[in-house]
Ligand SMILES: Cc1cc2nc3c(=O)[nH]c(=O)nc-3n(C[C@H](O)[C@H](O)[C@H](O)COP(=O)(O)O)c2cc1C
Ligand code: SF4
Ligand code: SF4
Ligand code: SF4
Ligand code: FES
Ligand code: FES
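Protein chains in written order, with the working numbering: chain W, 728 to 891; chain X, 3 to 646.
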């Protein structure tokens, strides 16, 4: 409860930190508990910066390097904060051959960021995914939880305008 | 509902099979494609139309019953209508799909406006014509039942058999559709060794891609001395263009768990883990719901059905990395470490998860087990071919007319799947290639369309069976670009443990990027072939060993495209930017004006002759004109055009 704690409080509220501690406590002592802790923590906090990783390491009695290794290995984990809306373009093979590449290029141009980045105003985070199981609707773009099927670069502006 | 003994469960099964009149059932497809198309809202509206109760809570299910009058000829009888959601029914391209039982009718592209019509047609006992699924000649089928719909008629659905007529949430429903007959037979009349032998005799081979004989794996695990043994389900589904395993876990979770339970009994395990990729939250939810119901019913837990057999199942969510689907990496991942493969000098069946003997099988492999135990190995061998018994599920996707989930007997040819079931290439464009096996597989050309789909024939042809992705490509797919796509994927997914895979793939990636950016050099294709050989020979795990397949198979069958990229900096498919131009062949142009209407850059002009012509300086080379021209009068060319 010191420098590390105040580092956490710079980025998260006291409730969020309490949730994190609760998640850690619940999995403490279970073999293989690190990944579930990080998954739940990411859902609760949105991202896993160094301060959170340190807290997890300490709580589970693991070296910080081990936690860092896992966070950077799995693509699901992110260390940076996210935008209000997440745009996910499907670059699964089926969508790719149906024009997913052109679509991804058009999105990049439209929002001005590359894959994995968040716009400065934190409006959008842009990511790519692989196969959403909706290949029949390809190419597919998912914004938050809304699936937009048979997308065309020309329809993009109109769709993005729905998310402010 | 709780079954404490084998007879409890058998009596219950007897009881429900006696129930004759089931009434009518309206099933709304809740597979990922149809949900994305709005099928959940349709389900809600059906429920409202039938009664007033609405329930969107996943775990209480959308089941609902009311009484209506049905008119067969003149008689009026009172029947029950129930409605609910299923997993993917298969014809995803034409979703949302609605299926009416027991008549077996399929409706496509259903909207809320069709609800009244469908309910009305059930009352009248006639098909609802307006949205009848397409039959032959693409016209709505008179009676849209499976045998009249080519997409469904030519399949053999065993694994997917229950998925259009059953709620993935209800255990009762699963049992009513024949579920748990396999476990009953196993526990009642088979010794564990006999089960291993039965699976061996069936010839079942792993559906995760490798095709390893499942029974042999089980037996070797069974024979490893240990207190503790594990059975695992591989639900990582790393192939980036496929959704078969997802569809199964979401649409029929009980059959996967029943198979796993039989396997656990056969090898002497009391712990099972289902490893599911994190991107599949609904699969996780459905599996968790199934596990909970099974525990309550006494079909999981301690002393199952009074036989003294204990078995517990847990779910483990993977972090989304392709290499985690590899068996040893998957196990290290469950142990909470980065999923990195290890050298297999000791087999997992001897020392796997937490150092204990472990059997890992693919989702679909497990789902086959209850069918084999129920119907016998001989029955299973009667389907498919000599060394490839049973069926295989495919996600038939890409530029094919009827995208969807299909199941065919092993040995069915690519042509039968793509043309007879899939209806051929979308928009009647020319077929160029079909990709199977995901990032470890390859692309096969039209001349190989008569290849039977089985583990051995596809490998021989230079591709792979893989876990079931089948992506159709037309003349607008560049084969060099597709190779680049897969190598990009693999570079990102290589765990980096060994040098040939890590560095070799990066080198291949650089060459492929140059080739597709107009910077190809003579000798690039040869250099790719040499690198491919080195990487295959010296990599530690199968990711590296098979990583070159997408490159080698495209070089083998589409060398001319590589040479054009290398020497002429030309992309005949009109994909690689800056490497082609688009031109209208004035002689062939029929002056319909369609291209001009579809040009986003507004750069197609009508000439005095009435023909159309592209003003090159405005053209962004999007290819829209090429795709829409009904007379194939637009060409992709490699020449400088006058006003350039
Ligand atoms: C890089 C790599 C990725 C793999 N991904 C999967 C996968 O997503 N799903 C799967 O079932 N098997 C996958 N496998 C195959 C597994 O290693 C293993 O052979 C399989 O799960 C065994 O089950 P089966 O015999 O029932 O096929 C992968 C293999 C490699 C080398
Ligand atoms: S071949 Fe590639 S993925 Fe497999 S262990 Fe080596 S570096 Fe990792
Ligand atoms: S390629 Fe695209 S931009 Fe160029 S003429 Fe055709 S439709 Fe217009
Ligand atoms: S679509 Fe084809 S036929 Fe019609 S005007 Fe354009 S080039 Fe000519
Ligand atoms: S590849 Fe995009 S949904 Fe399947
Ligand atoms: S998702 Fe409905 S048919 Fe596949």
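Glycine included, every Cβ here is placed at the ideal spot set by N, Cα and C.
For the region 584–610 of chain X, the residues whose beta carbon sits under 8 Å from a beta carbon of chain W are, in order, 602. Taking 8 Å as the cut-off, the Cβ atoms of residue 171 of chain X and residue 13 of chain X do not count as close.
When the alpha-carbon of residue 107 of chain X is set against those of X:30, X:460, X:385 and X:311, the nearest one is in X:30. Under DSSP, no beta-bridge partner is assigned to residue 771 of chain W. Put simply, of X:252, X:247, X:163 and X:268 the residue whose alpha carbon is nearest the alpha carbon of residue 191 of chain X is X:268.
Per DSSP, the unbroken alpha helix (DSSP H) holding residue 487 of chain X starts and ends at 481–495.
Rounded to the nearest whole angstrom, the CA to CA distance from residue 579 of chain X to residue 751 of chain W is 50 Å.
Put simply, the CB of residue 766 of chain W is near chain X, with a gap under 8 Å to one of its CB atoms. Residue 385 of chain X sits in coil when the DSSP states are folded into three classes, being neither helix nor strand.
Taking 9 Å as the upper bound on Cβ-Cβ separation, chain W lies near residues 239, 240, 241, 242, 243, 244, 245, 248, 249 and 252 of the region 239–270 of chain X. Separation of residue 830 of chain W and residue 881 of chain W (C-alpha to C-alpha, rounded to the nearest whole angstrom) is 9 Å.
Contacts between residue 774 of chain W and chain X, judged by CB atoms closer than 7 Å, are missing: the closest CB pair is about 15 Å apart.
Counting along the chain, the unbroken alpha helix (DSSP H) around residue 457 of chain X starts and ends at 457–462. At least one heavy atom of ligand 2 falls within 7 Å of the beta-carbon of residue 325 of chain X. A distance of 8 Å or more separates the beta carbons of residue 543 of chain X and residue 242 of chain X. With a cut-off of 7 Å, the C-beta of residue 543 of chain X is classified as near ligand 1, since at least one heavy atom of the ligand falls inside that distance. At a Cβ-Cβ threshold of 8 Å, residue 373 of chain X and residue 320 of chain X do not count as neighbours. Of all C-beta pairs linking the region 347–364 of chain X to the region 323–332 of chain X, three or more are shorter than 8 Å, placing the two stretches in contact. The chain-ordered list of residues whose CB is nearer than 6 Å to some heavy atom of ligand 6 reads X:31, X:33, X:34, X:35, X:36, X:90, X:91, X:92, X:93, X:94, X:97, X:99, X:406 and X:407.
The beta carbon of residue 479 of chain X sits closer than 8 Å to some beta carbon of chain W. For residue 29 of chain X, DSSP records a beta bridge to X:86 and X:101.
Within chain W, 803, 856, 857, 858 and 859 have C-beta atoms less than 9 Å from the C-beta of residue 281 of chain X, given in sequence order. Residue environment: residue 20 of chain X is assigned as exposed (fewer than 16 neighbouring CB atoms within 10 Å of its CB, all protein chains considered). Closest in alpha carbon position to residue 99 of chain X, among X:117, X:82 and X:84, is X:117. Within chain W, the residues 758 and 759 have their CB atoms less than 9 Å from the CB of residue 337 of chain X, given in chain order.
Counting along the chain, residue 311 of chain X sits inside no alpha helix (DSSP H); it lies in the beta strand (DSSP E) bounded by residues 311–320. Boundaries of the alpha helix (DSSP H) harbouring residue 791 of chain W: 791–800, taken from the DSSP string.
Annotation: Cβ neighbours of residue 399 of chain X in chain W (cutoff 8 Å, chain order): 820, 821, 862, 863 and 865. Taking residue 634 of chain X as the centre and dropping the five residues before and after it, the same chain places the C-beta of 590 closer than 8 Å to its C-beta, in chain order.
In the DSSP assignment, residue 607 of chain X falls within the unbroken beta strand (DSSP E) covering 606–608. Residue 429 of chain X is classed as exposed because its beta carbon has fewer than 16 other beta carbons within 10 Å across all chains shown. Residue 157 of chain X sits in coil when the DSSP states are folded into three classes, being neither helix nor strand. Interface flag for residue 792 of chain W against chain X is unset, since no Cβ pair is found closer than 8 Å.
Around residue 536 of chain X, the same chain offers 502 and 506 as residues with beta carbons nearer than 7 Å, after the five sequence neighbours per side are excluded. For residue 479 of chain X, the CB stays at least 7 Å from every heavy atom of ligand 5. Taking C-beta atoms as the reference points, residue 217 of chain X and residue 202 of chain X count as a pair closer than 8 Å.
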